[in-house]
Amino acid sequence: IATKHLLPENNINVVVRVRPLSNKEIKSGDEMAVQFPGDGQIYCDAVTSSGDKKPKVFSYNVVFEPNATQEDILQYSGIKNLIEMAVEGFSCTAFCYGQTGSGKTHTLTGPPRLFDKMDPYSEDHGLVFRSFVYLFKVLQEHEKCNFVLKASFLEIYNEKVIDLLNPGTSRKPLAVRWSKKTRGFFVENLFTVECEELDDLLAVLEEGMRNRSIGTHNMNEYSSRSHSILTINITSEQAMENGVFISKQGKINFVDLAGSEMTKKTQSEGKTLEEANNINKSLMVLGYCIASLSDGKRKSGHIPYRDSKLTKLLADSLAGNGVTLMVACVSPARSNASETLNTLRYAARAKKI
Ligand code: ADP
Ligand code: MG
4 IATKHLLPEN NINVVVRVRP LSNKEIKSGD EMAVQFPGDG QIYCDAVTSS
54 GDKKPKVFSY NVVFEPNATQ EDILQYSGIK NLIEMAVEGF SCTAFCYGQT
104 GSGKTHTLTG PPRLFDKMDP YSEDHGLVFR SFVYLFKVLQ EHEKCNFVLK
154 ASFLEIYNEK VIDLLNPGTS RKPLAVRWSK KTRGFFVENL FTVECEELDD
204 LLAVLEEGMR NRSIGTHNMN EYSSRSHSIL TINITSEQAM ENGVFISKQG
254 KINFVDLAGS EMTKKTQSEG KTLEEANNIN KSLMVLGYCI ASLSDGKRKS
304 GHIPYRDSKL TKLLADSLAG NGVTLMVACV SPARSNASET LNTLRYAARA
354 KKI
């Protein structure tokens, strides 16, 4: 494989995935509000108060149309480049952004199931599974290096960080702290699992997914409000011919964000102020960080990473030495067109970073 040692021109690679209309939407007579003229472009009918439809045009690195497969996302989203860079010692993040029901979890993990009962070639497998497989392929090609993989899986709900791998302490919030040594934020006492083979990584994914729903009455409601972050830390060591050891420390985060509609919805639901602020705080601050970064402030200006748990944990990928892939997930349905437009605008802004 050709590994790129230089940072790509843009630190954020933005792709859009449009899910198919669901059976329910088709039955209720909903129709497509988006069109695909090609060349990374997407048209979305604007919803105006007078009811007429004026299409808005957006363009991105890649637009995945409703018939795109899970394998297409692995091959053409740029995730393979991120995995190669994580192996080379960079901090990388892939996150799915979009309203609830737009396909974020489908894209990352596919439908809930037990992995050991699944055909390894099933179309259902999401980007995380496929990335794990690709990661091991990349590691095998680095014959002269010694690798250690450590995985962790957490979620942020109400600005509280919860460990999805440590049942003993699960639901007990953990602290996010600054490390002077690594000059980065970390989660104190977060459980990490050393993974030697693919099955170890899959066990982490499965265990975390299972723990996500524990103690929740309504999984959909819950997942629309929480962010989950699955991290693989990759340490590599290589002995050079002169006897010197070169050690590199990279990582890749897979992030399933809360529903993007949450930033508005919470304000109208009669939540306590603290609840309302906390639920959307991470998502709002991520938006501010993306806006500041796209404003060309990356090197000089102030980026408000410290204002939320999510942005603290993603700061190293968003800042100088990292690479981020944003998969903006949208529904094609007319009934969702205003949220789709919000997501497309947000994604267009991120593309400028
Ligand atoms: P989110 O995590 O953004 O709330 P989900 O991933 O749960 O959304 O998707 C909502 C529903 O749409 C699920 O039933 C899911 O299986 C289905 N879905 C999403 N994307 C696709 C797709 N690309 N192809 C087929 N079904 C999809
Ligand atoms: Mg989801």
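308 is the number that this note's numbering gives to position 305 of the sequence shown; each next residue is one higher, with no gaps.
Every residue, glycine too, gets a C-beta built ideally from N, C-alpha and C.
Small disclaimer: the values here were computed from a predicted structure and weren't measured.
Short of 8 Å in beta carbon distance, which residues of its chain neighbour residue 30, apart from the five on each side in sequence? Order them along the chain.
Mapped onto the sequence shown, residue 30 falls at position 27. Same-chain partners within the cutoff: there are none.
If distances are taken between C-alpha atoms only, which option among 148, 59, 345, 16 comes closest to residue 79?
In the sequence shown, counting from the first residue as 1, residue 79 sits at position 76. Out of 148, 59, 345, 16, 16 has the C-alpha closest to the C-alpha of residue 79.
Check each candidate in 234, 235, 249 and name the one with the smallest Cα separation from residue 241.
On the sequence shown, position 238 is the one that residue 241 refers to. Scanning 234, 235, 249 for the CA closest to the CA of residue 241 turns up 249.
Mind listing, in chain order, the residues whose beta carbon lies closer than 5 Å to a non-hydrogen atom of the ligand ADP?
Going along the chain, the residues that qualify are 22, 103, 104, 105, 106, 107, 108, 109.
Which residues in the same chain as residue 25 place their Cβ atom closer than 7 Å to its Cβ, once the five residues preceding and following it in sequence are excluded?
Within the sequence shown, numbered from 1, the residue matching residue 25 stands at position 22. The same chain holds no residue with a CB closer than 7 Å to that of residue 25 once the five nearest residues on each side in sequence are set aside.
How should residue 36 be labelled, buried or exposed, when 16 other C-beta atoms within 10 angstroms of its C-beta is the threshold for buried?
Looking up residue 36 in the sequence shown gives position 33. Buried is the call here.
DSSP three-state label for residue 4, please.
On the sequence shown, residue 4 is found 1 positions in, with the first residue counted as 1. Because residue 4 carries a pLDDT of 33, less than 50, the predicted location of this residue cannot be relied on, and no value is offered for it.
Contact under 8 Å by Cβ, residue 187 with residue 310
Walking along the sequence shown from the start, residue 187 turns up at place 184. Walking along the sequence shown from the start, residue 310 turns up at place 307. For residue 187 and residue 310, no; Cβs fall outside 8 Å.
Check residue 124 in the structure and name its three-state DSSP category.
Counting from one through the sequence shown, the residue named residue 124 turns up at place 121. Residue 124 falls in the coil class under three-state DSSP.
Can you check which of these residues, 49, 161, 85, 66, is closest to residue 58 by C-alpha distance?
Position 55 of the sequence shown holds residue 58. Nearest neighbour of residue 58 by Cα position, chosen from 49, 161, 85, 66, turns out to be 49.
Could you check how far apart the C-beta atoms of residue 325 and residue 94 are, in whole angstroms? I think they sit under 8 Å.
Along the sequence shown, read from residue 1 onward, the residue named residue 325 stands at position 322. Along the sequence shown, read from residue 1 onward, the residue named residue 94 stands at position 91. 4 Å between Cβ atoms; contact.
For residue 283, tell me which candidate among 304, 313, 298, 307 has the shortest Cα-Cα distance.
One-based indexing of the sequence shown puts residue 283 at position 280. With distances taken between Cα atoms, residue 283 lies closest to 313.
beta-carbon residue 226 near the ligand MG non-hydrogen atom, thresh 7 Å:
Counting from one through the sequence shown, the residue named residue 226 turns up at place 223. Flag set: Cβ of residue 226 near the ligand MG.
The ligand MG and residue 259: does the residue's C-beta get closer than 7 Å to at least one heavy atom of that ligand?
Sequence index remark: in the sequence shown, residue 259 carries index 256 (1-based). True, at least one ligand heavy atom lies under 7 Å from that Cβ.
Taking residue 27 as part of the alpha helix (DSSP H), name the residues at either end of that continuous run.
Indexing the sequence shown from 1 puts residue 27 at position 24. If you look at residue 27, you'll find it in the alpha helix (DSSP H) that goes 26–30.
How many angstroms separate the CA atom of residue 355 from the CA atom of residue 46?
Counted from its first residue, the sequence shown places residue 355 at position 352. Counted from its first residue, the sequence shown places residue 46 at position 43. Their backbone Cα atoms lie some 19 Å apart in a straight line.
Among residues of its own chain, excluding the 5 on either side of residue 232, which ones have a beta-carbon nearer than 6 Å to its beta-carbon?
Residue 232 sits at position 229 when you count from the first residue of the sequence shown. Counting only Cβ-Cβ distances below 6 Å, and skipping sequence neighbours, we find 157, 256, 258.
3-residue-minimum beta strand (DSSP E) runs that sit fully inside the segment 207–251, ordered along the chain:
The segment 207–251 contains these whole beta strand (DSSP E) runs: 230–242.
Could you tell me the boundaries of the beta strand (DSSP E) in which residue 33 lies?
What you label residue 33 is simply residue 30 of the sequence shown in a count that begins at 1. Unbroken run through residue 33: none, as it is neither H nor E.
So for residue 180, helix, strand or coil by DSSP?
Locating residue 180 in the sequence shown gives position 177, where the first residue counts as 1. Judged by DSSP in its simplified three-state form, residue 180 adopts strand.
Applying the criterion that 16 or more other CB atoms from any shown protein chain within 10 Å of the CB defines a buried residue, is residue 19 buried or exposed?
On the sequence shown, position 16 is the one that residue 19 refers to. Buried, since its Cβ has 16 or more Cβ neighbours within 10 Å.
Check whether the Cβ atoms of residue 296 and residue 260 lie closer than 8 Å to each other.
Against the sequence shown, residue 296 aligns to sequence position 293. Against the sequence shown, residue 260 aligns to sequence position 257. Cβ distance not < 8 Å, so residue 296 and residue 260 don't count as in contact.
Can you tell me the Cα-Cα spacing of residue 90 and residue 174, whole angstroms?
Mapped onto the sequence shown, residue 90 falls at position 87. Mapped onto the sequence shown, residue 174 falls at position 171. Roughly 32 Å separates the two Cα atoms.
Nearest CA to the CA of residue 343: which residue from 263, 150, 352, 306?
Taking the sequence shown and counting its residues from 1, the one referred to as residue 343 is at position 340. Among 263, 150, 352, 306, the Cα nearest to that of residue 343 is on 263.
Where residue 305 and residue 332 are concerned, what is the direct C-alpha to C-alpha distance, given to the nearest angstrom?
Stepping through the sequence shown from its first residue, residue 305 is reached at position 302. Stepping through the sequence shown from its first residue, residue 332 is reached at position 329. Answer to the nearest angstrom: the Cα atoms are 29 Å apart.
Whose C-alpha, out of 349, 210, 85, is nearest the C-alpha of residue 254?
Translated into the one-based positions of the sequence shown, residue 254 becomes position 251. Looking from the CA of residue 254, the closest CA among 349, 210, 85 belongs to 85.
Give the C-beta separation of residue 113 and residue 129 to the nearest angstrom, bearing in mind that I take them to be a contact with Cβ-Cβ under 8 Å.
In the sequence shown, the residue the question calls residue 113 occupies position 110. In the sequence shown, the residue the question calls residue 129 occupies position 126. Correct: roughly 4 Å between the Cβ atoms.
Who are the Cβ neighbours of residue 136 in its own chain at under 6 Å, not counting the five residues just before and after it?
In the sequence shown, residue 136 corresponds to position 133, counting from 1. So no residue of the chain qualifies.
Which value, in whole angstroms, describes the spacing of the CA atoms of residue 56 and residue 340?
For this step, residue 56 is matched to residue 53 along the sequence shown. For this step, residue 340 is matched to residue 337 along the sequence shown. For residue 56 and residue 340, the distance between alpha carbons rounds to 11 Å.
What separation, rounded to the nearest whole angstrom, lies between the Cα atoms of residue 2 and residue 76?
In this structure the chain extends from 4 to 356, so residue 2 is not present and cannot be described.
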